[in-house]
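In my numbering, the protein residues as written are 1 to 142. Quick reminder that beta carbons are idealized off the backbone N, C-alpha and C, glycines included.
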């Protein structure tokens, strides 16, 4: 009798929280204010975030800011919602930026949200239910 072969496919699902940010400020000024208020070190990444449709065709690119906090093992990524006439999340058209926070430990989201609410460059910030919007299921890595 031949031994049966089984192929196991494993796709790690990325877990993260997302804060939506509304701000009239340009990227560079908002990032400076966020870094100061929340004690982060976000910096612009050379490679933008590329958005593809379900067929894999390129649709748009969006400014990307990133920081990995080694001491707390937290990854931060901020994306601009509206760029080149395209929105990452059309349903949230009032949102200017999304701040992704990924960690395996205690989430700093509550503290960051509190710090952002006192930031003069931010008109509003709130936690996004990532299960409610299809775009967030497409994000494979921070």
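Query raised in the report: Between the C-alpha atoms of residue 119 and residue 53, what's the straight-line distance to the nearest angstrom?
Result: Taking the chain shown and counting its residues from 1, the one referred to as residue 119 is at position 119. Taking the chain shown and counting its residues from 1, the one referred to as residue 53 is at position 53. Approximately 35 Å, taken between the alpha carbons.
Requested in this report: Run the CB neighbour count on residue 96, radius 10 Å, all protein chains shown included, and call it buried at 16 or more, exposed below.
Outcome: Position 96 of the chain shown, counting from 1, holds the residue named residue 96. Answer is buried; the Cβ neighbour count reaches 16.
**Report entry** Contact under 8 Å by Cβ, residue 49 with residue 89
**Finding:** What you label residue 49 is simply residue 49 of the chain shown in a count that begins at 1. What you label residue 89 is simply residue 89 of the chain shown in a count that begins at 1. No, the pair does not count as a contact, with Cβ atoms beyond the cut-off.
Query - Close-in-space but distant-in-sequence residues of the same chain around residue 93 (CB under 7 Å, 5 per side omitted) - result: Stepping through the chain shown from its first residue, residue 93 is reached at position 93. Closer than 7 Å at the Cβ level, and outside the excluded window around residue 93, lie 87.
Query raised in the report: Among residues of its own chain, excluding the 5 on either side of residue 113, which ones have a beta-carbon nearer than 8 Å to its beta-carbon?
Result: Position 113 of the chain shown holds residue 113. Closer than 8 Å at Cβ, skipping near neighbours: 19, 125, 126, 127.
Report task. For residue 80, name the three-state secondary structure that DSSP assigns. Result -> Counting from 1 along the chain shown, the entry for residue 80 is found at position 80. Residue state, collapsed to three classes: strand.
Query raised in the report: For residue 65 versus residue 44, is the C-beta spacing smaller than 8 Å?
Result: Walking along the chain shown from the start, residue 65 turns up at place 65. Walking along the chain shown from the start, residue 44 turns up at place 44. Cβ distance < 8 Å, so residue 65 and residue 44 count as in contact.
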